[in-house]
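Next comes the structure, spelled out in structure tokens:
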């Protein structure tokens with residue numbers, strides 16, 4: 102999973118699969134699923150984050166693992182996004198089944214939410 106946040110546009114894109122987008126569908130106000138040719142969710146776009154409450158986000162049934170949703174929640178709703186106007190976080194699954202976030206070149210580990218462990 103790859104989380105890309107843009108504070109200027111108040112949007113985020115979560116890439117789940119490396120495939121071409123064939124169709125998109127708004128599943129909730131400000132939340133769009135991108136589907137690939139196999140009708141699998143390729144990505145999730147949040148395009149009105151400034152009007153999306155944490156409570157509404159928590160109620161969304163996203164097609165991701167609960168640990169991934171917790172990482173996404175922390176990235177979008179902690180003060181992490183206030184410290185960095187643009188960031189990218191890659192989330193990998195370990196051999197033990199845990200999900201571990203990694204930062205990109207435009208995000209330093211100190212900018213990540215304190216609850217997340219970096220590897």
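In the numbering used here, the protein residues as written are 102 to 220. Cβ coordinates follow ideal geometry from the N, Cα and C atoms, glycine included. Quick caveat: nothing in here was measured; it's all calculated off a predicted structure.
Proximity of residue i and residue j at Cβ, strictly below 8 Å
| i | j | result |
| --- | --- | --- |
| residue 189 | residue 115 | no |
| residue 150 | residue 132 | no |
| residue 142 | residue 148 | no |
| residue 179 | residue 108 | no |
| residue 200 | residue 174 | no |
Given residue i as reference, the closest of the options once Cα atoms are compared
| i | options | result |
| --- | --- | --- |
| residue 126 | 120, 204, 177 and 144 | 144 |
| residue 117 | 174, 163, 198 and 199 | 163 |
| residue 146 | 129, 157, 155 and 201 | 129 |
| residue 112 | 199, 204, 176 and 195 | 176 |
| residue 165 | 194, 156, 152 and 154 | 194 |
| residue 110 | 152, 198, 204 and 197 | 152 |
| residue 102 | 154, 191, 121 and 198 | 191 |
Range covered by the beta strand (DSSP E) that runs through residue i
| i | result |
| --- | --- |
| residue 103 | 103-107 |
| residue 115 | 112-116 |
| task | Mind the definition here: the region 166-178 touches the region 126-143 only if three or more C-beta pairs lie below 8 Å; say whether that holds. | result | no
| Along the chain, which unbroken stretches of the alpha helix (DSSP H) at least 4 residues long are found entirely within the region 127-202? | 155-160, 167-178 and 181-184
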